[in-house]
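Engineer: Residue numbers (our numbering): 1143 to 1349.
Note that CB positions come from ideal geometry on N, CA and C, so glycine has one too.
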């Protein structure tokens, strides 16, 4: 009986010693997990800040061109109107490669949903610039250019395309605005998701 009791005490002591040796390990694991969460949180916060700064520059670059394009292609009540040659030339210069640093240089660097909307905006901008160029070309160029003479049939096609482009410009502007709105929505959704992840990590860190 005494032997059994001593054996029990010895066993309990061994268990206690084992538990005591585990405490530093548990503490180390807990501290390591905390540091991982803090590091992850800082990484996400940095990505969020960079994304917000980047899109702020995008909005700044698009603000005036979009406002000017709408004024030149819509009347005061918002109905589409035919654009003039001078306005078409001005807007073509304004929109030409306006977001290349973002849509081309930084292509494939963001969330897949944002990249999808960037691709749509890039297409819409390209179509707008092309239409604006067509809308003023016949007004700013002659059928006879130095030693080059454009045949009557080809020149008639150019003039026809120019007239059509003046009307189409309003729709192309609206398409760019719609694509930009969709990009902003994707950006807002990504921002909201990232902020929620940062907030969740903040709660875990302070627990």
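(1) Contact check, residue 1336 vs residue 1179 under 8 Å by CB: the rounded distance?
(2) DSSP has residue 1107 in a bridge; who is on the other side?
(3) Which residue marks the beginning of the alpha helix (DSSP H) containing residue 1275, and which one marks its end?
(4) Examine the Cβ distances between the region 1306-1320 and the region 1214-1232 and report whether three or more of them are shorter than 8 Å.
(5) Considering residue 1244, what are the terminal residues of the alpha helix (DSSP H) in which it resides?
(6) Going by DSSP in three states, residue 1207 sits in which element: helix, strand or coil?
(7) Let me check one thing: in DSSP terms, what residues is residue 1216 bridge-paired to?
(8) According to DSSP, is residue 1313 part of a helix, a strand, or is it coil?
(9) Is it a yes or a no for the region 1314-1325 touching the region 1262-1274, going by three-plus beta-carbon pairs under 8 Å?
(10) For residue 1328, name the three-state secondary structure that DSSP assigns.
Structural biologist: In terms of the structure at hand:
(1) Working through the chain shown from its first residue, we reach residue 1336 at position 194. Working through the chain shown from its first residue, we reach residue 1179 at position 37. About 15 Å; that fails the 8 Å criterion.
(2) The structure shown has nothing for residue 1107, since the chain only spans 1143 to 1349.
(3) For the purposes of this step, residue 1275 is taken as residue 133 along the chain shown, with counting starting at 1. 1254-1282 is the extent of the alpha helix (DSSP H) around residue 1275.
(4) A contact exists between the region 1306-1320 and the region 1214-1232.
(5) If you number the chain shown from 1, residue 1244 lands on position 102. Per DSSP, residue 1244 belongs to the alpha helix (DSSP H) from 1242-1245.
(6) Within the chain shown, residue 1207 is the residue found at index 65, counting from 1. Judged by DSSP in its simplified three-state form, residue 1207 adopts helix.
(7) Working through the chain shown from its first residue, we reach residue 1216 at position 74. Beta-bridge pairing links residue 1216 to 1222.
(8) As a working mapping, residue 1313 is identified with position 171 in the chain shown. In the three-state reduction of the DSSP assignment, residue 1313 falls in the helix class, which pools H, G and I.
(9) With a cut-off of 8 Å on Cβ pairs, the region 1314-1325 is in contact with the region 1262-1274, counting three or more such pairs.
(10) Taking the first residue of the chain shown as 1, we reach residue 1328 at position 186. Under the three-state reduction of DSSP output, residue 1328 falls in the helix class.
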